[in-house]
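Protein chains in written order, with UniProt numbering: chain A, 1 to 482; chain B, 1 to 482.
From the three backbone atoms N, C-alpha and C, an ideal C-beta is built for every residue, glycine too.
Inspection log for the structure reproduced underneath, given as structure tokens.
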């Protein structure tokens, strides 16, 4: 008997799941990159520029020195016994590494930790959250995770029983949400962000979608909010956040707050407010609203994607429900300790009195200021192009321009069996080596077309990218203009 | 409206899932540990000995120096520019770190990698597999994962459509399998290992269970084999492995080979053979048998549980099925880079010509020889106790003694609403601070009772553990003897 594994007998939820951020265009880009290595000069560009994913260090961003010093010392604690390290490491990285090791039972950075993460590191994170928000935070509410994604999967797994359970998700959205809902067999209930008001979140639309879903028999269990927005880059106004929280409380929804871009704010008139702070500011306590807040070491000014560190802070769940959350976390034993340490560091960076502070601050401010300049330069450049309009990036790491494609291009895409924006993105890749993700990978108002482009290429490359993009776009429009 | 999340409206698959390795007894142990801190002297012991989980470094095992040197240098690559490191790091750790950084695009240890893991590290792992087996291995078949568990979940997610899909799992089993099957909504089809032949795997029983499941309408999709065994510690004979492979091919089953204890062999007459090698030795190629082999940095002599490194090697799957596996891996972006680097190191440790080799070999041999002595000492001690029989640990990190409990103890357990072996383990914990996992957490022949105890406490503690255990057991038996 031949082996019986074939696509038509796999889990249909897996088949249904899509993840455009690493989808067809990226796989094609990887092939082109191999071609550049094996046959240099065979393509009209000499490198692939991955603007498809928020992966700063892959495009040359340097890690923050203090964080890496501490990680190296924790990875090889024998170093702490040696005098010579004083010339190689900052004094506060040495003392911080010692503090962290003292928090780890047996100083064992190679041991599985508590399923929620090392208690002392969770204490440090809770203290960082409390300073950020001005409200207490509790180590027992923190679950350290390998990046933010496993925490999102965990909550979907917990809440979704079958396709009659719905999760409200913004459109456009980060496709982790649609993928996770599909993998767990639930229903994505879309609400649309308003592009004309800078991707505003309108409660009236959310309410309409909720009621519509309920009328179809969907038990809507949670609302996902991504703030700052991905792929849309907006930063929610505080008033808007109050409305969202009250709405969730009134409708009995879990609020899943994706706050991984909390340190990526570029607009002078915008400020990040955590939903935890908003909830507590309203005087809501543990019995009022189940809230999950996600944070990650992959974003911010640190951009340590490869370390897979992150946490979720859960409040407002009953003890028996928390036990179930703990049990799922336990099945995976624990998140990686390097990522756990880094999560505690980003929530407690050097203080003004520390030796590293000046260099730390210079690195942080340098990265954030440069990201803001890059966001602006790309926004201006995109906005100048025929048929393209582009909201500004108030935060996060992306621009999500709308592109008005000529009918002829739409027909050419149809002939090639591609979505029009995927057709555009593929042509862009093949002409310039620039990888963006078509809007159809995130969801968009039907009949509109977009692409997501990160603001992450190093600053000195931005002018060349803009000029390559501009030439491509003009050529494309010349070919397809109606 | 109050929030609507309660245990009775959670995903019933989550409620069904159990994971005893971190279950009730461990949670109770954590409470006792806190009590020891806040009220020293309030318990009849002064430390908790976690023998519930294969977590060597939590009990004092030291990490292998070479591996940690390389990790520290990769975490903070700026060190490689400094002359002073020559007095702090071995020459081959420096050259290895440089080699590894050269394999990482942009030398960026903080970037997301390819969804399967960094290509150069997968090449190194494939080369390590090829040396181990004497058959070629391919980097495209390697998926680096955060420990072995995520790879197990991935395959369960892929294969299980509904409760009519079954997975053959040994009983006793490592409860990751039952938990993962429960979470994905499939049916666990048990086959029993034969305790009287040293936990032998008998194809005739597997076949009987397969046929029985099929007669109940179950579509049995895969066979899980854990070799060396967990919790049972046996090492499969080569001939037995040939039979297993032929059986899977004949019956059209995917073979899921948990080989994470491949370097933990203590019996002189036993040797580890990977299923990949067995499959290729039979002349089977890509069209004959879908095989997944799991490896982890958490086990072996390295025991780096907290680093969450591991891989699965998949062979015998069609291209369209592999695309689905790749897609699921992509949704989680990538495994942590520290774990990826460590996985490449354990599959390519220092060679005889390297500066570190002598100290590396001394550390490795010291750990493995000590584990073998501990396994033997505990096996002898358990076997001496009234009503306890204990197979030897040929490999892995566990003993799984059978305990013949007096009827009176069974009744006392019933009165306390506990399984008899859980009752015994709880009493053991409360009397001695020793944490073991009841056999009921792994599955066992109905009416028999066991516990799993790791061989991991440091060697100098073993005599005291044996004497505390012996005193407890004698007292327990005196209390409950029929």
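ask   = With a Cβ-Cβ cutoff of 8 Å, do residue 334 (chain B) and residue 399 (chain B) count as a contact?
value = no
query = Using a Cβ cut-off of 7 Å, which residues of the segment 304-330 of chain B contact any Cβ in chain A, in chain order?
reply = 304, 305, 306, 307, 308, 316, 317, 318, 320, 321, 324, 327, 328, 330
task = Determine the direct distance from the alpha carbon of residue 10 (chain A) to that of residue 158 (chain B), and round the result to whole angstroms.
result = 6 Å
inquiry  = Using 8 Å for Cβ pairs, my map puts residue 245 (chain A) next to residue 201 (chain A). What's the rounded Cβ distance?
reply    = That pair is no contact at about 12 Å.
inquiry  = Which complete alpha helix (DSSP H) runs does the segment 402-443 of chain A hold, if anything under 4 residues is left out?
reply    = 407-415, 420-432
ask   = How would you call residue 7 (chain B), buried or exposed, if buried means at least 16 neighbouring beta carbons within 10 angstroms?
value = exposed
message = Less than 8 Å between CB atoms is the rule here; does residue 279 (chain A) satisfy it with respect to chain B?
response = no
query = When the distance is taken between beta carbons, is residue 185 (chain A) closer than 8 Å to residue 221 (chain A)?
reply = no
query = With a Cβ-Cβ cutoff of 8 Å, do residue 98 (chain A) and residue 80 (chain A) count as a contact?
reply = yes
message = Can you pull the chain A neighbours of residue 123 (chain B), defined as C-beta to C-beta under 7 Å?
response = Within 7 Å Cβ-Cβ: nothing; residue 123 (chain B) doesn't reach chain A, min ~14 Å.
query = Which residues bound the alpha helix (DSSP H) around residue 353 (chain B)?
reply = From DSSP, residue 353 (chain B) is part of no alpha helix (DSSP H); its letter is neither H nor E.
ask   = With a cut-off of 8 Å, does the C-beta of residue 3 (chain A) fall near any C-beta of chain B?
value = Residue placement at residue 3 (chain A) cannot be trusted, given a pLDDT of 48 that sits under 50; what the coordinates show is reported in the next sentence. Chain B contact via Cβ: present.
Rounded straight-line distance, which links the Cα of residue 317 (chain A) to that of residue 3 (chain B) = Note that residue 3 (chain B) has pLDDT 47, beneath the 50 cutoff, so the model's placement of it is unreliable and the number below is only indicative. The alpha-carbon atoms of residue 3 (chain B) and residue 317 (chain A) are separated by roughly 9 Å.
query = Does residue 171 (chain B) come within less than 8 Å of chain A when only Cβ atoms are used?
reply = no
query = In chain order, what residues of the segment 250-275 of chain B put their CB closer than 7 Å to some CB of chain A?
reply = 250, 251, 252, 254
inquiry  = Per DSSP, what are the beta-bridge partners of residue 245 (chain B) in this structure?
reply    = Per DSSP, none; premise fails for residue 245 (chain B).
inquiry  = So, under 8 Å CB-CB, residue 256 (chain B) and residue 292 (chain B) are touching, yes? Tell me the CB distance rounded to an integer number of Å.
reply    = 5 Å
task = Pull up the distance between the alpha-carbon of residue 422 (chain B) and that of residue 284 (chain B), whole angstroms please.
result = 44 Å
query = Does the distance from the CB of residue 129 (chain A) to the CB of residue 313 (chain A) come in under 8 Å?
reply = yes
ask   = Rounded to a whole number of angstroms, what is the C-alpha to C-alpha distance between residue 163 (chain A) and residue 14 (chain A)?
value = 14 Å
8 Å Cβ cutoff, residue 117 (chain B) in contact with chain A = no
ask   = How big is the Cα-Cα spacing for residue 356 (chain A) and residue 18 (chain A)?
value = 43 Å
task = Have a look at residue 123 (chain B) and residue 139 (chain B) and give me their C-alpha separation to the nearest angstrom.
result = 5 Å
message = Are the CB atoms of residue 310 (chain A) and residue 296 (chain A) within a distance shorter than 8 Å?
response = yes
ask   = So, helix, strand or coil for residue 292 (chain B), using DSSP?
value = strand
key: Which listed residue (A:49, A:338, A:215, A:232) has its alpha carbon closest to that of residue 68 (chain A)   = A:338
inquiry  = Taking the alpha carbon of residue 5 (chain B) as the reference point, which residue from A:126, A:320, A:294, A:187 has its own alpha carbon closest?
reply    = A:320
query = With residue 233 (chain A) and residue 393 (chain A) assumed to form a contact (beta carbons below 8 Å), what rounded beta-carbon distance in angstroms separates them?
reply = 4 Å
Opposing strand residues paired with residue 187 (chain A) [DSSP bridges] = A:166
key: Inside the segment 110-138 of chain A only - beta strand (DSSP E) runs reaching at least 3 residues   = none
query = Is the shortest distance between the beta-carbon of residue 453 (chain B) and the beta-carbons of chain A less than 8 Å?
reply = no
inquiry  = Rounded to the nearest angstrom, what separates residue 34 (chain B) and residue 176 (chain A) at their Cα positions?
reply    = 38 Å
inquiry  = Checking the sheet assignment: what are the DSSP bridge partners for residue 312 (chain A)?
reply    = A:143, A:294
request  = Count the other C-beta atoms from every protein chain shown that fall within 10 angstroms of the C-beta of residue 482 (chain A), then say buried if there are 16 or more, exposed otherwise.
outcome  = exposed
Closest by C-alpha distance to residue 332 (chain B), when choosing among B:145, B:212, B:450 = B:145
inquiry  = Beta carbons nearer than 9 Å to chain B: which residues of the segment 11-28 of chain A have them?
reply    = 11, 12, 13, 14, 15, 17, 18, 19, 21, 22, 23, 26, 27
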